[in-house]
Each structure stands twice: as C-alpha cells, then as structure tokens.
Amino acid sequence: MTLITLLISILALALAVLLYLKRPRELLLRITAIILIYMLITNITLRLTAEEAKTAPIVLIDHSMSMKNHISHILGTLAKLHQPHESFFFHESLLTKEKPDDLGTYTDITAAIKEASKLQPVVMILMTDGNHNFGTSPLSIVDELDEPIYIYGFGEERPRDISIIDVIYPVYAYPDDTTEIDLIVETSGFPRGRGEAIMQLVSGKTLATQSFPLSDVPARNQLKYVYVAKEPGTTSLKISLTPQSNEASYNNNQHTISLNVIEDKINVLYYTDHLSFNTKFILRAITQNRNLNVSAISRSSVNRYQDIEQRSEVTTLPDISKFDVIIFDNVSLGALPWSNVSNVAEQGKGIVLCGFLETINARWREILPIDVLGSTAKGVFRLQVSEPFSVLTNERHPPLKSIQRIVGSKQDASIIARADNLPLVGYRVHGRGKIFQICATDLGTWHFLQHGLREHDFLHYFLGDVIRLLSPMGKHRRLVVNSQRREYAIGATIDFSLQSYDRNFRRAGGGDFFLVADEQKIPFYEVGEGFYEASFVVKDTGTLHVSAQGQLGEEKLASNEFDINVLARAVETESRLNRVLLNRLAEATNGRLFSPKQTDSLILPEVAKKQVSRVINLHSPIVYFVVLFLLVADWILRRRRGIT
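Have a look at this one:
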C-alpha cells in the first residue's frame, strides 16, 4: 500500500512539473500540497534534536510524620555534599527550600515531583519512605518526566507485628449447638518462635488457647475454635493475641465478636372459644413444626376449659406471659379468661387474631391493626397481596367466602393483603410486641382450597413465619451484612461479608444478593454455605449508607443497615518502606532505588547540556488547514487564468 502511494505521489509530482514548469508559483503550491498530503497518508513524523540546558540536581526531602526519625540523618548527609544542588522539603502541599517547623500530616510525592520537574534539573534525588497517601499516584506522571529519579528509601521493610486480619463466625447460634469460629492471623518480622491466640468470655474466663508459627516474611495462619453456647441471649467473645516484644502496633491484637444465641423453641398458646374447622388445620400446621412448643386450650362451657390435644379438663389456666406467641381463634375479645392480654403484648409478646371476633371492647378497638365490626360479610372476596409475606405472594389465590365486616385500618398498620380494597391481613407494633390480624372467618376452608390449588401445606409455612415474626426471633434479621471497621480513608477497599439464614435461623446458601452502597449496587459472591463476600472502593468522602438485599430461594430478604464514615485521607502513622511503589517509580524514570546506608556515598552528577528530541506529528489542525489553503490558492490562480 505504501509503495502504491509513493508511485502515485511521484506521478502527481511529475505531472505538476510538466504542467506548471513555466509557472513557478503555481508549481510550488502544487508540489507543497502533494508532499504534505503524502506525509499525512503515510503518517510520517518529524524528529528534531536540540541542546537544552539543565539546572543543578534537585533533592526532594519527605518532611511528613512518617519520616520524623530520618530527617536529621538526611540533613547531615546533604551538609557534607560540595557539589551544586538544590534541596526542597515537601509533604501534602508544601515545596520549599526552608525546612518547615512542623511535620506534614500526609505525603504527596506526585505534586513534589511535578513542581521540581518544572526547574528542569539534570536529575532528581527523592528521599522518602514511599508512604504516598495524598493525590494521584506518582506512577501516573512518569511519561511526562525527562529526568531520572534516584530514590533513597527509608523505613522498615518488614516491621515486627502480629495482627488479627479477620474473624469468621455465624451471627446466630442455638443453645448446645457447636459453633465454629475461624481466626485469620498475620505475622511478619519474627525469624522464629510461636505466637498465642486466646479466646475468652468478656468476663475474662479463658475458653481456648491456640498457637501459631511466627514468620519473618508476611504470612497468614487460620485457626479454628469451637464454642458451645448454653443460654439464649447475646454472648460476647474476646479473641486476643499475646503481645510480642517491639511490635509495630498493639492495636490490632484484639477483636470482640457477638453471638446471638436463639431460644431453641418458641412457646405458642392456641386458644378458642368455639372448636371449628379452623382449629383442625391451625393445630395441624403448628404442632407439626418441630421448632414450636404448642399448648392448645378451648372453652368447653362457662368457666370450664379443656386441653384440646389431651382431651382433658384444664383446672388452672396457664400464665400467658410464659408464652412467646398467643393465637386467638374464634373468640370473644371482651370475655377472654385472661385480663392482662394487652399488657402482655406491650411487654414484647406476639398475638395472632383470626376467625370470628366478638364483643370487641374499647381497649381492643384501640390496639387492633384492622378495625372490624362484630359481624360477618358473605360473598366472593378475591385476594390482592399488597406486601408479599411468606407464602402469601402475588400469585393467584382462591377467593374467600366469609370475612369479618371491616371498617378500616390504623395508620401505622402494615397491610399485607386486601380483599375488594378492604384490608384483610396485617399487623402493627404494640409496645414492644406485635399484633397480627387475619380477618378471614373461614380460614380452615380457605387453607383446604389452597392445598388443592398449590399442593402444599399453606398454613404450615404461613403460620410458622407469622409466629417467627411475632416471637423474639422476629427481632433478628435473616440477612446480616458487616464490615471490619466503620471508618475508612478515601480510595481504600472495603471488604464486606454477608450471611444468609433460613426460616429457622440456620445458615443457608444459594442466595442471590447484592450490596447497596448509596446508589451503587455490587454483587456478593458465595464463598461458603450461606457466607458471601463483596468489595467496594470508596471514591468520595462523607457518609456511606450500606445495606444488602436479594433473594434466598423464592424469598426476598433485606439486611441490617449501617453507615461508614469515609475520611478525606489516611493519617500517617506507619513508618514502613513502600518498596514496590518506589522501585517502580525509579525503574520507570531510568533511575534507581538505594538503601539509607548508601546516602553516605551519595555523589551528584555535574550540570550539563542535554540533547533533547522533539517529535512533530503532522496530524494536527494546522497542517490540514495549510493543505486546504494551498489547494484553494491553486484553484484561485487557475480561475484567474480562465482554467476550471
């Protein structure tokens, strides 16, 4: 292609000479235009070489907090130098010849190099630990630099330190269950020996001790602990590493975790004034649930009661405050055998109301989620699900034939389903407890139709989830997201962990979840059964609102929420040598990285003129304009002579 272009260009030049030999001005225009067009087509560049004077070497001295133990040594070394040079001090925003009184809080190596490069030194000497934490990376400007950078790196490469990197454990546990806890420990700077990790109760009682090998190079160890909780409630465990001498930091040697130990079984009381078709299916649904302890009582006559399951008379009614959830089905609310029902709800218990409710007194009218009258309505009531809950989803459901006559609902009630735009299923918070109301009077018949339509035990799943919602379990989330800290610097990578649990709060996998960080969504990846991980790089300062959501099977789950404070930048506390950054910077600028001991033999190059090459690329608007101008000028001259 290049040869064809060259031949065509030569032919065009020959024709131009032949046609314009007697008109030198027009010939010059034509030849110039043909040459420029040829150079544009073949992408020819022009390289010009010139001599450029360079200034004396510049020494850049990092005057930030992490360099405070090295500045005196640097100044002593520079005082011995007799060769011409200029010294500048820098930290996050300062480049000055005078030594500042105070140490900088942060380090901006990039800005210091860019400012020094404007002086065109023959070489730059950079004395730093490489703890760059302000502004863009210095590697982003290496293509703009003409001078080599020789670097003297200060700080420990392998500081002595042992630290807790992560603790992996289930958020929930049951009494007498074996709970596995994984501890990730990192060590460096210890040529030999063993470390010790101790797990204790917060009271100080030691539960287990494990040892791990210390290492000279950075290395990680995973230790496994086993803990068996005995009592329900929140159990806090402290894991600590036995301190080693001269560690870089002792702040990373302890970590406290909290286990939510859940009551093994939920205590449920079922009570009805009238045995009905509802009773049969409700009791079958809740008694087959192995996570429930069920007591079932019915009124047999005035002031006489019987145990439905045992078919025996109950001489003393149980204390309802001993139950987590109470189900009232087909009852007279104004004549219940317990007078403290509403008080029990305020104290954190759950109440389920279903079937036909009679004698609704003023106290009950005040606390019911859905306002009803003491009569029924017959017809065909088609269900519309407002907020999917458990197996009550947006799918088609059989109609209801009989419901309690409904007036309306409380403003703070959560309505799950409606029938003919009337609230039918809903709940509301009362004190520290919840009241759940189902306004279907023929719940047993409706369950029977559901079973025929869907071929599953509808009430078994639905009532099981209602009971969990109202019980102490309902205060726990089945999706739990967490991060190691609540405060990070801008540009840092935050690692999030997520755990998903089934309805019985056993860890369950196979979920599809994503992290919500303000308006961004990041997918989680499952790394173990019911355990997921995601990472997020923070790019803006401020408060980051974090949560997670997604699906576990057919269920939609939402996690806990928390805020992360994103700081403008990290405060310098480390004195480690960032060898990776400094080595890459030196190599990219044809320089070299030296150790602090080599500063005693520092010799600076003499000031000299330097051959500088400039590359001119013809693909620019000016060149295109010149070509166009030449062609237009040629056309004008031809028109004047009457040639088209």
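Under the UniProt record's numbering, read the sequence shown as residues 1 to 644, first letter to last. Where a beta carbon is used, it is the ideal one built from N, C-alpha and C, also for glycine.
Item                                                                                                                                                                  : Value
When the distance is taken between beta carbons, is Leu223 closer than 8 Å to Gln210?                                                                                 : yes
Between the C-alpha atoms of Tyr501 and Leu479, what's the straight-line distance to the nearest angstrom?                                                            : 6 Å
Could you pull the start and end residues of the alpha helix (DSSP H) that Asn278 belongs to?                                                                         : Phe277 to Thr287
Going by beta-carbon coordinates alone, are Asn565 and Pro148 separated by less than 8 Å?                                                                             : no
When the distance is taken between beta carbons, is Ser559 closer than 8 Å to Gln549?                                                                                 : yes
Can you tell which of Tyr461, Ile370 and Thr187 has its C-alpha closest to the C-alpha of Ile416?                                                                     : Ile370
Hey, Asn253 and Ser240: beta-carbon distance below 8 Å or not?                                                                                                        : yes
Give a yes or no on contact between the region 328 to 341 and the region 349 to 357, applying the rule of three or more CB pairs nearer than 8 Å.                     : yes
When the Cα of Ser402 is compared with those of Ile71, Leu383 and Val481, which residue comes out closest?                                                            : Leu383
Nearest-angstrom Cα distance between Ile181 and Pro472?                                                                                                               : 25 Å
Between Arg432, Glu387, Phe381 and Thr393, which lies nearest to Leu443 when the distance is taken from Cα to Cα?                                                     : Phe381
Would you mind giving the Cβ-Cβ distance between Val538 and Ile467, rounded to the nearest angstrom? I have them listed as a contact below 8 Å.                       : The Cβ separation is near 41 Å, so there is no contact.
Please name the residue or residues paired with Arg592 in a DSSP beta bridge.                                                                                         : Tyr150
If you measure between the beta carbons of Gln244 and Arg192, is that distance less than 8 Å?                                                                         : no
Keeping to the same chain, check which residues put their C-beta closer than 7 Å to that of Ala248; ignore five residues upstream and five downstream.                : Pro159, Arg160 and Asp161
Spatial neighbours of Ala517 within its chain, please: C-beta separation below 6 Å, excluding the five flanking residues on both sides.                               : Phe536, Leu544 and Val546
Measuring straight from C-alpha to C-alpha, what distance separates Gln83 and Pro57?                                                                                  : 9 Å
Using three-state DSSP, classify Thr77 as helix, strand or coil.                                                                                                      : helix
What's the C-alpha gap between Thr315 and Asn303?                                                                                                                     : 10 Å
Taking 8 Å as the cut-off, decide whether the C-beta atoms of Pro232 and Ile262 are in contact.                                                                       : yes
Work out the CA separation of Gly155 and Leu593 for me, nearest whole Å.                                                                                              : 13 Å
Leu567 by DSSP, collapsed to three states: which one?                                                                                                                 : strand
Below 8 Å on the Cβ atoms is my guess for Gly348 versus Val325; work out the distance and round it to an integer in Å.                                                : Actually they do not touch by this definition, with Cβ atoms about 11 Å apart.
For Ile490, name the three-state secondary structure that DSSP assigns.                                                                                               : coil
In angstroms with no decimal places, state the Cα-to-Cα distance between Leu336 and Arg365.                                                                           : 15 Å
I'd like to check one pair, Ser188 with Val226: are the Cβ atoms closer than 8 Å?                                                                                     : no
Taking the alpha carbon of Ser66 as the point to measure from, which residue in Glu554, His85, Asn131 and Leu207 has its own alpha carbon closest?                    : Asn131
Taking only the alpha-carbon atoms, compute the straight-line gap between Leu498 and Glu519 and give it to the nearest angstrom.                                      : 19 Å
With a threshold of 7 Å on Cβ separation, who are the neighbours of Ile522 within its own chain once the five nearest residues in sequence on each side are excluded? : Phe514, Leu515, Ala534 and Phe536
Is Thr179 helix, strand or coil by DSSP?                                                                                                                              : strand
Is any beta-carbon of chain B found at less than 8 Å from that of Leu78?                                                                                              : Here there is only one protein chain, and chain B is not present.
Quick one: is Thr272 buried, meaning 16 or more other Cβ sit within 10 Å of its Cβ, or exposed?                                                                       : buried
Below 6 Å CB to CB, which residues in the same chain sit around Leu126 once its five sequence neighbours on both sides are set aside?                                 : Leu60, Ile149 and Ile151
Taking the alpha carbon of Phe436 as the point to measure from, which residue in Ile198, Ala111 and Val425 has its own alpha carbon closest?                          : Val425
Compare the C-alpha of Ala419 against each of Val391, Ser386 and Glu395 and name the closest.                                                                         : Ser386
How is the alpha helix (DSSP H) around Lys265 delimited, first residue to last?                                                                                       : No alpha helix (DSSP H) contains Lys265, which DSSP labels as neither H nor E.
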